[in-house]
Amino acid sequence: MLHSDNSKLSSEQAAVTLSLVLSITAPLLTGVGALLWAGFVAPGLDEVPDTPSRRDLRTW
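Position in the sequence shown counted from 1, then plus 1, gives you this note's numbering.
Below, the structure is given as structure tokens:
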């Protein structure tokens, strides 16, 4: 029969598991957030950056 100590996660194992889960989910959530921003928020922003006029490179 198995000991009850084997069925419980030690605090070190729990920390490693949590670290692994966060290291996988954090980039995925960041990507989802970026896609949502690009799809819904950014198109509503009408600001266009001020850029200098194009130069005629033949005059250089």
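Beta carbons: idealized from backbone N, C-alpha and C, even for Gly. None of these values were measured; they are calculated from a predicted model.
Item: CA-CA distance, Ser20 and Arg55?; Value: 50 angstroms
Item: Spatial neighbours of Ala27 within its chain, please: C-beta separation below 6 angstroms, excluding the five flanking residues on both sides.; Value: none
Item: Is DSSP giving Thr44 helix, strand or coil here?; Value: Just to set this straight, residue 44 is Pro in the shown sequence, not Thr. Residue state, collapsed to three classes: helix.
Item: What is the residue span of the alpha helix (DSSP H) that Ala16 lies within?; Value: 12-37
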